[in-house]
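Mapped onto our numbering, the consecutive letters of the sequence shown carry residue numbers 17 to 331.
Just so you know, even glycine gets a beta-carbon here, dropped at the ideal spot from N, CA and C.
A quick write-up on the structure given underneath.
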Amino acid sequence: MPAKRFLFFFLKPQNTFLSATLVVMSMMLFSRILGLVRYRLLAHFFGGDITLLDSFIAATLIPEGIFDIFIFGTISIAFIPVLSSLLAQKKEEDGWRLVTTLLVSGMVIFLIVSLAVFIFAEQVALVVAPGIIAKNEQARATIANLIRIMLVAQIFFVPGTILTGVFQTFRYFFIPALAPVLYNVGTILGIVFLSENFSIYAPAYGMVLGAILFLIVQLPLARNIGMKLTLHDLFFSGAWRVLSLSFPRTITLVFNLLRLVFLEHLWLKPFYQLFLLFMEKKIWFFLSRFFCQPFISFFLSSFPYQLFWRYYAFP
């Protein structure tokens, strides 16, 4: 009986600011701590070869960058306010049409771009990490293979992240906050149990496992809220509103990726070890996300669509 009450508490919607903040902040703290543990384990298992560590960090840029530009930027900024607006107007069918359109179009676009990167992974590796490859030519093939494995992981994040946006719109915050925890758990398991046999590819395989867990843990809740995919109508006009609202954020993410690749990784690489620079950024990111993200999640799920463009897209 206590177990059922505990489960019910976390599977019910968090309709108050305090409950949403407590759930998101506690799970995010746990997830970020696991993220730091993940990189500490990377240093433990592969610290003897800094080239391997730097190759791994460099390989994460493109798969995660593609996902951020085409999926995460859209979901985190524009999707939730538009879906909230449709639900507030009692247009639930239109809401599910919007979800279906974004899910299918997002998967198609991501797969096309990912396929191109998968095929030309070695050329991409040379652009992303010329400093590493100049010191060790074998790193080129390593980075290319890591990119290919990580692209597989990102495929599971596309539907998983859209589900996260849906749940946050319905004010279910626990499962979306739990999903990143399981992603980190999967990555850690890969590092700990596969490193002996697969070397630096172990954390990449762990990322695939974590991404699968990220998606699977959300599927029962999707059924619980009555989520419906309307596959007969894949061109809902409301999707254009989402794209137009997310455009400024998308441009920002594109330039941020270019900055990471061409400024920091190409110019600073001769002077700094990439892994150490990345760890410094992760610690800063941990602090900023821990204190800010809980408020943003609840804020977006409550924010009227009419005010979004004026006060949030362009503050």
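Taking a contact to require three or more Cβ pairs closer than 8 Å, the region 196-206 and the region 252-261 do not qualify as touching. For I66, the enclosing alpha helix (DSSP H) stretches over residues 66-83.
For V133, same chain residues with a beta-carbon under 8 Å away, outside a window of 5 residues either side, are I78, P79, I82, V140, I163, L167 in chain order.
When secondary structure is reduced to three states using DSSP, A145 falls in the coil class, being assigned neither helix nor strand. With 16 or more other Cβ atoms from the protein chains shown falling within 10 Å of its own Cβ, T177 counts as buried.
I73 sits buried, since 16 or more C-beta atoms from the chains shown fall within 10 Å of its C-beta. The three-state secondary structure of L245, taken from DSSP, is coil. Between I228 and P219, the C-beta spacing is not below 8 Å.
Within the model, the alpha-carbon separation for V144 versus P29 is close to 42 Å. Our two residues, I171 and F126, have alpha carbons roughly 8 Å apart in a direct line. In the three-state scheme derived from DSSP, where H, G and I count as helix and E and B as strand, S215 is classed as coil. Under the DSSP assignment, A94 falls outside any alpha helix (DSSP H); it carries neither an H nor an E label.
Between G64 and R265, the CB-CB gap reaches or exceeds 8 Å.
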